[in-house]
Amino acid sequence: MQPVEENDELLAVDLTLVDGDAIVVVTGELDPHTVPRFEEAIAEATTAADGRVVLDLAGVGFMDSSGLRVVLAAHEDLAGRGIQMVLRTPSDAIRRLLEITDLLDRLDVE
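Residue 9 is where the sequence shown starts when you use this note's numbering, and the numbers rise one by one after that.
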């Protein structure tokens with residue numbers, strides 16, 4: 009996957025497959041302008057995965073409620089289909105957001 013064209017400086021998304029897991033590496037900001045590309049990447053990962061869908065959020069410096077909504081919707085959708093979604097190495101900002109919203113213990117975080 010290539011960075012989202014209209015917001016190159018705001019979001020880059022890369023999808024790789026490792027041992028059946030679809031790993032989505034997200035770098036940049038998740039807000040109303042970039043979240044459609046994030047949703048697209050999760051949909052692609054879900055189709056490609058034989059195992060888990062892993063969202064690597066180490067490079068995400070900002071996520072607002074629109075990004076959080078996508079994460080929660082994907083988690084519910086995937087769980088309903090028996091697919092595990094994991095948030096890998098969330099940045100400090102994202103970890104704090106998950107703590108504040110009481111989601112850190114409800115989502116699978118590595």
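Think of the CB as a built atom: it goes at the ideal place given N, C-alpha and C, for glycine as much as any other residue.
Using the Cα positions of residue i and residue j, report the straight-line distance between them to the nearest angstrom.
i, j, result
"residue 101", "residue 68", "8 Å"
"residue 25", "residue 33", "11 Å"
"residue 5", "residue 53", "Since the first and last residues shown for the chain are 9 and 118, residue 5 lies out of range."
"residue 41", "residue 27", "32 Å"
"residue 50", "residue 103", "20 Å"
"residue 89", "residue 30", "15 Å"
"residue 71", "residue 38", "5 Å"
"residue 44", "residue 116", "23 Å"
"residue 46", "residue 21", "7 Å"
"residue 113", "residue 82", "16 Å"
"residue 4", "residue 80", "A query on residue 4 cannot be resolved here, the shown segment of the chain reaching from 9 to 118 and no further."
Helix or strand or just coil, what does DSSP make of residue i?
i, result
"residue 14", "Confidence at residue 14 is low in this model, with a pLDDT of 43, below 50, so its placement is unreliable and no value can be given for it."
If you follow the beta strand (DSSP E) that residue i is in, where does it begin and where does it stop?
i, result
"residue 23", "19-26"
Considering only their Cβ atoms, is the gap separating residue j from residue i smaller than 7 Å?
i, j, result
"residue 96", "residue 61", "no"
"residue 65", "residue 98", "yes"
Runs of 3 residues minimum, wholly inside the segment 30-105: which ones carry the beta strand (DSSP E) assignment?
When DSSP assignments are scanned along the segment 30-105, the uninterrupted stretches of beta strand (DSSP E) that are 3 or more residues long and fall wholly within it turn out to be 61-71 and 93-96.
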